[in-house]
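All residue numbers for the first sequence refer to UniProt numbering, where the first residue is 1 and numbers rise by one.
One structure below.
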Amino acid sequence: MKLEKEGHEKSRRTHERSEKKSTHSSKDRGKDAELNGKHRHSSKKRPSDPGERQQESAVSSSGVKHEAGEADMDVDATADPDERTRHAGPQKSSPAGHNHTLKIRSKSCKERLNHKEKKDLNHEDGNLKKERNKDSNQGDGEEKKMKKKRVKEEEQEKNQQSAKKRKKQSPEHDKAEKKKVKKEGDAGEEQKKRERGKKEDKKDEESDKWKWWEESKSSDSQKWSRLEHNGPYFAPEYDPLPASVPFYYDGQLLKLSPATEEIATFYAKMLDHEYTSKEAFQNNFFTDWREEMTSEERKQIKTLSKCDFSHMHKHFLEKSEERKNMTKEEKQVLKEESSRLVEQYGFCVLDGHREKIGNFKLEPPGLFRGRGEHPKMGKLKKRIQPEHVAINCSQDAKIPEAPAGHRWKRVQHDNTVTWLASWLENIHGRPKYIMLNPSSKLKGEKDWQKYETARQLKVCVNAIRKQYKRDWTSREMKSRQRGVAIYFIDKLALRAGNEKDEESADTVGCCSLRVEHISLHRRLDGLEHVVEFDFLGKDSIRYYNKVPVEKQVFKNLKLFIKHKDPEDDLFDRITTVNLNKALNECMPGLTAKVFRTFNASTTLQDQLNKLTAEDMTVEEKILSYNRANRAVAILCNHQRAAPKTFEKSMQLLQEKIQKKKEQIEEAKRELKAAKKAHRDAPSDRCRKLVEKKEKLVQRLCEQLKKLQLQETDREENKVIALGTSKLNYLDPRITVAWCKKHNVPIEKIYNKTQRDKFTWAIHMTDESFQF
DNA sequence: AACGTAACTTAGAAAGGCAACT
DNA sequence: AGTTGCCTTTCTAAGTTACGTT
């Protein structure tokens, strides 16, 4: 009974969600659920105790048993990463039509659903029997918690110690650290430092760098011992428009108050962006704008369409033109100014080392631009005042000075977090932070750890795959759904897919997939059991993919969608929370996103091994690397808008190719003629001419090949973004090892920023590294 | 458990800058 | 010298996950 109710609970939420215009708060939803679900128990809680569940399940059916047998015989399709890359990936999309179908969600089918779904699930649940493994790890979890607490306390005590005398590891980190630090003892460390000192003046930049990866890893919860910085840089005050730039309302000249004018300029600057043509954008903007007006202005300005921003718009175009046309000297002055800013605000001192800050500039006010169909697009992002900003630094540090006449919201000394300053953005009311640059120790160490976790998954992934395949035939619906969900996450590198509120764009990940996002094809394009995915993921990027799946998965999906409406959750019994909990029990530190890292890095390693040959030129090797990189980007669905100049530059390239072809034709004709001449009247001169022409043809053919390669490369890259995976998913040690092994200069693969971020990997990796 | 929130990672667009072409 | 096209950097939105509270 409860199981069935459990399912309703989540489906119910989706229904409410589709009623975008309704004013229901999330709290109301619960109430509704109770009212409408007459047949259900009134309790909303989901069963937590497996024992509780046992009683609810009824007799097993032969059907389920049968299925179980089949599943065991299924082959592991996931094992072949090649297959994975082949299937995953964006196809040419028709976003307009797509959005249309996705957006239309029927409005109210609560009753219908309740009834239907209940009936069906009832049936299925009747077939579910006692859980096989009823060992709950609850006790285990408790213990872990306690242990963590103890460790935390221990760490707090050690807080006072200085950075250089790094404490020995707490028991929790023992394992990880042994792996990482086996090389150097403290003595070696010291020696190295001294040596470094000697070289100091030779290579300023090099010697200055903190080789934190050569030190033993510091604790997990204590992020620093000492932290000092100069606070954030505030956006410059608003500089009012010159009187020569008019604003008209309904044909009448209107002098706006500075505050009102400032907001008007935000809109004016965006006038030729398609954003401003959207109704939601206009409404949100206008509402927020009016709120900031003086009462006088508010009385006058009532309709956005009567506002004439065109002069402002023109003014800003001219200004940017001016900026472009500045002389070198003027540009130089600006450059120096900005580097002074970096000098003053761009760095902090963390545990005695100067570290780069990532975003030391506070976000300036402006209009919020969400991605996709964001309901809040166009809203006013307010100016951040010092009174909104919290500062985090160490107790003994000099507290950054707030701008004259202002004070900070608060100053804290919390070394369990990494941020230097934080504030609440006013659009969603969520905190934002000023944190360190990716090249910093704090970020680097975490990054390293991430890849180590992914490598751990490599060790136990087979067991996990076995487990989720077992779950496909579980007698418990929840387990089946979890099994299929983890399978998707593993095979397709889907994101976890948290629930979202209506205040954001309607995008989904694995756990939040709805019935409407998949279609099942018993047979498609000569393949069996094909699932067609079509949904908007993070950043409203479309995921479209047709994937053949195991028969048992297919059967399960059919079961999951039975009697559900398109806008119901596909996985109505699971959430990211309990999915991650289950994963964590398989392997400490394992969560859904680890699969993405793991599969991405594994794919890169495999592809590199496969695509690189010793006899290749450096250029060819780089091409191979990019191909491998692209396989990963496709797997992770990293897309970009096609470059604006794509068609044009493609055409240019094709013209070049055409020309080359013509050249080849001509050269061939000449060759033929030369050969004929040589046959008719053999001579040394003729023979040489033939040779010369042969070489020419050969050379031209090679050039053609290169161009054509470039063409396919560019075509394939049209909507694929390689950067994201390179920066976030691919263990840099794979790349470094590959470069060393194949004598490819690292600069050809990583640009400056990337080298900075991955300095640790570049220093510590030798060519034998395998992910 | 459910919920809310904090902290941190991941993401694509836009701006900026630079070098190769015309 | 101006233009074009590509790559890098900056910006900040949008995810995930951990954790505390109710």
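Glycine included, C-beta positions come from ideal geometry on N, C-alpha and C.
Report all residues from its chain with a CB closer than 6 Å to the CB of residue i; omit the five preceding and five following residues, and keep chain order.
| i | result |
| --- | --- |
| residue 349 | 228 |
| residue 371 | 539 and 540 |
| residue 497 | 508, 509, 510, 511 and 512 |
| residue 791 | Since the first residue of the chain shown is 1 and the last is 771, residue 791 is not available in this structure. |
| residue 607 | 628 and 631 |
| residue 624 | 611 and 612 |
| residue 293 | 260 |
| residue 571 | 481, 485 and 511 |
Determine the direct distance from the alpha carbon of residue j to that of residue i, and round the result to whole angstroms.
| i | j | result |
| --- | --- | --- |
| residue 559 | residue 576 | 21 Å |
| residue 333 | residue 754 | 28 Å |
| residue 321 | residue 328 | 15 Å |
| residue 675 | residue 662 | 20 Å |
| residue 545 | residue 529 | 13 Å |
| residue 698 | residue 277 | 55 Å |
| residue 475 | residue 484 | 14 Å |
| residue 420 | residue 402 | 14 Å |
| residue 441 | residue 643 | 35 Å |
| residue 744 | residue 618 | 6 Å |
| residue 564 | residue 491 | 25 Å |
| residue 770 | residue 449 | 16 Å |
| residue 562 | residue 602 | 36 Å |
| residue 481 | residue 213 | 41 Å |
| residue 424 | residue 225 | 26 Å |
| residue 258 | residue 345 | 28 Å |
| residue 707 | residue 653 | 8 Å |
| residue 269 | residue 385 | 23 Å |
| residue 582 | residue 569 | 20 Å |
| residue 360 | residue 231 | 8 Å |
Please list the terminal residues of the continuous beta strand (DSSP E) segment that includes residue i.
| i | result |
| --- | --- |
| residue 534 | 527-536 |
| residue 545 | 542-548 |
| residue 347 | 347-350 |
| residue 446 | Where residue 446 is concerned, there is no enclosing beta strand (DSSP E), although the alpha helix (DSSP H) it sits in stretches over 441-471. |
| residue 431 | 431-434 |
| residue 564 | No beta strand (DSSP E) contains residue 564, which DSSP labels as neither H nor E. |
| residue 228 | 227-229 |
| residue 392 | 390-392 |
DSSP three-state label for residue i, please.
| i | result |
| --- | --- |
| residue 313 | helix |
| residue 636 | coil |
| residue 267 | helix |
| residue 222 | coil |
| residue 732 | helix |
| residue 238 | coil |
| residue 254 | coil |
| residue 519 | strand |
| residue 496 | coil |
| residue 723 | helix |
| residue 355 | strand |
| residue 211 | coil |
| residue 411 | strand |
Give every residue of the same chain whose Cβ lies closer than 8 Å to the Cβ of residue i, excluding the five residues on either side of it in the sequence, and list them in chain order.
| i | result |
| --- | --- |
| residue 724 | 633, 636 and 638 |
| residue 460 | 586 and 587 |
| residue 650 | 711, 714 and 715 |
| residue 751 | none |
| residue 774 | The requested residue 774 does not occur in the structure, where the chain is confined to residues 1 to 771. |
Tell me where the alpha helix (DSSP H) around residue i begins and ends.
| i | result |
| --- | --- |
| residue 781 | Because the chain is modelled from 1 through 771, residue 781 falls outside the range shown and cannot be assessed. |
| residue 558 | 551-561 |
| residue 763 | 759-764 |
| residue 649 | 646-680 |
| residue 703 | 684-716 |
| residue 582 | 576-586 |
If I measure Cβ to Cβ from residue i and keep anything under 7 Å in the same chain, skipping five residues before and after, which residues do I get?
| i | result |
| --- | --- |
| residue 261 | 240 and 241 |
| residue 594 | 453, 454 and 457 |
| residue 478 | 573 and 574 |
| residue 347 | 354, 355, 356 and 357 |
| residue 237 | none |
| residue 416 | 221, 222 and 223 |
| residue 660 | 700, 703, 704 and 707 |
(request) Could I get the ranges of all uninterrupted alpha helix (DSSP H) runs contained in the stretch 276-311, with 4 residues as the minimum, in chain order? (result) 279-292 and 295-300
(request) Tell me the start and end of each unbroken alpha helix (DSSP H) in the stretch 598-628 that is at least 4 residues and wholly inside, in chain order. (result) none
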